[in-house]
Amino acid sequence: MVDRFILNLPYFFPGGTIVGRGTIQMSIKDGMAYLDKIAKSLLKQGFRRQIYITSHGPAYLTVSGMVRDFFDETKVPVLYMDVLKAAEAAHFNLMDSFHNMTIGAYKVLGRLEDVPLNVPESHSVTYDVQAMLAGMSRNPGNTLGKYAYQSGAVGSYFDKPSDHMATPLLKTPEEKEAHADAGVQAINELVKTLDMPAIVETLRQVDVYTKDTILPKYGAHLPGGKA
Numbered sequence: 403m404v405d406r407f408i409l410n411l412p413y414f415f416p417g418g419t420i421v422g423r424g425t426i427q428m429s430i431k432d433g434m435a436y437l438d439k440i441a442k443s444l445l446k447q448g449f450r451r452q453i454y455i456t457s458h459g460p461a462y463l464t465v466s467g468m469v470r471d472f473f474d475e476t477k478v479p480v481l482y483m484d485v486l487k488a489a490e491a492a493h494f495n496l497m498d499s500f501h502n503m504t505i506g507a508y509k510v511l512g513r514l515e516d517v518p519l520n521v522p523e524s525h526s527v528t529y530d531v532q533a534m535l536a537g538m539s540r541n542p543g544n545t546l547g548k549y550a551y552q553s554g555a556v557g558s559y560f561d562k563p564s565d566h567m568a569t570p571l572l573k574t575p576e577e578k579e580a581h582a583d584a585g586v587q588a589i590n591e592l593v594k595t596l597d598m599p600a601i602v603e604t605l606r607q608v609d610v611y612t613k614d615t616i617l618p619k620y621g622a623h624l625p626g627g628k629a
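Printed below as a string of structure tokens:
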């Protein structure tokens with residue numbers, strides 16, 4: 403019997419990066435509905451400890467809403483972990499390791515050969531951080547982002563994909579391998595620091611607290627009206 407598994411879901415709301423060629427658009431509402439069906443299907447199979455993990459800024463718009471609505475309907479707590487916030491909570495400096503971790507993830511998946519070398523700068527690729535920042539500053543919407551959490555403040559698009567993030571220039575297979583090895587090490591350090599067994603145990607405790615304390619006292623008054 404399978405008691406745990408990992409599912410990768412790559413296509414969801416892209417946010418301001420929709421301008422990138424080949425980007426798949428999915429609305430926030432469509433993404434929430436899709437995740438809700440997955441969560442309920444897993445629950446029917448007995449999976450009460452569900453954790454949804456993202457590392458894309460606008461993802462919280464989709465996942466946070468699903469997690470809350472799912473709980474109100476089923477009374478089963480599932481967890482959303484934004485890697486950016488999780489690293490912050492674990493006092494892990496993600497920004498210094500982010501690019502290495504991205505390349506390292508390809509190595510973990512056995513796909514390091516998919517990471518290209520010597521990619522020329524273009525509309526989509528820049529190695530110049532200052533050029534990236536200058537491109538971002540041209541969008542007046544970026545000045546409004548401080549009034550809420552990331553993409554939750556105002557809708558806007560990047561002018562070109564290279565404005566979203568500068569990338570490291572990989573010239574040789576040896577350089578790529580070195581970045582990948584450093585990234586794998588960083589990934590392992592972050593996972594160890596987060597202590598996932600403890601997080602899962604806390605999620606179990608939330609479930610028990612909901613069933614044993616909250617529902618007997620307030621069940622009739624909660625969404626769904628069942629004790």
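In this note's numbering, the protein residues as written are 403 to 629.
For glycine and all other residues, C-beta sits at the position ideal for the given N, C-alpha and C.
1. Return the chain-ordered list of same chain residues with a C-beta closer than 7 Å to the C-beta of Val521, the five sequence neighbours on each side being excluded.
2. Give me the DSSP bridge partner(s) of Ile455.
3. Could you check what DSSP says for Met503 in three-state terms: helix, strand or coil?
4. Tell me which residues share the same chain as Ser429 and place their Cβ nearer than 8 Å to its Cβ, disregarding the 5 neighbours each side in the sequence.
5. Over the uninterrupted alpha helix (DSSP H) stretch that includes Pro513, give me the two end residues.
6. Taking the alpha helix (DSSP H) that Arg606 falls in, what are its first and last residues?
7. Could you have a look at Gln587 and say whether DSSP puts it in helix, strand or coil?
8. Which first and last residues belong to the alpha helix (DSSP H) in which Lys619 is found?
9. Expressed to the nearest angstrom, what Euclidean distance is found between the alpha-carbon atoms of Glu523 and Ala533?
10. What do you reckon, are the CB atoms on Leu472 and Ala441 nearer than 8 Å?
11. For His623, count neighbouring C-beta atoms within 10 Å of its own C-beta (all shown protein chains included) and say buried if the count is 16 or more, exposed if not.
12. For Leu496, which residues from the same chain have a beta carbon less than 6 Å from its beta carbon, with the 5 sequence-adjacent residues on both sides left out?
13. Just how far apart, CA to CA, sit Leu519 and Glu576?
14. Considering Lys431, what are the terminal residues of the alpha helix (DSSP H) in which it resides?
15. Return the chain-ordered list of same chain residues with a C-beta closer than 7 Å to the C-beta of Lys477, the five sequence neighbours on each side being excluded.
16. DSSP on Met567, reduced to helix/strand/coil?
17. Return helix, strand or coil for Asn410, following the three-state DSSP convention.
18. Is Tyr549 close to chain B, meaning its C-beta is less than 8 Å from at least one C-beta of that chain?
19. Just how far apart, CA to CA, sit Phe560 and Gly448?
20. If Ala461 sits next to Asp498, beta carbons under 8 Å apart, how far is it from one beta carbon to the other, in whole angstroms?
Reading from the atomic positions:
1. Val527
2. Met483
3. helix
4. Phe415
5. In the sequence as presented, Pro is not what sits at residue 513; that position holds Arg. Counting along the chain, Arg513 falls outside any alpha helix (DSSP H), and DSSP gives it neither H nor E.
6. Met598 to Tyr611
7. helix
8. Leu617 to Tyr620
9. 11 Å
10. Leu is not the amino acid found at residue 472; the sequence shown has Phe there. Yes, the pair counts as a contact, with Cβ atoms nearer than the cut-off.
11. exposed
12. Ala489
13. 11 Å
14. Ile430 to Lys446
15. Thr612 and Leu617
16. coil
17. coil
18. Here chain B cannot be found, since the structure has a single protein chain.
19. 42 Å
20. With a Cβ gap of about 22 Å, Ala461 and Asp498 do not count as contacting.
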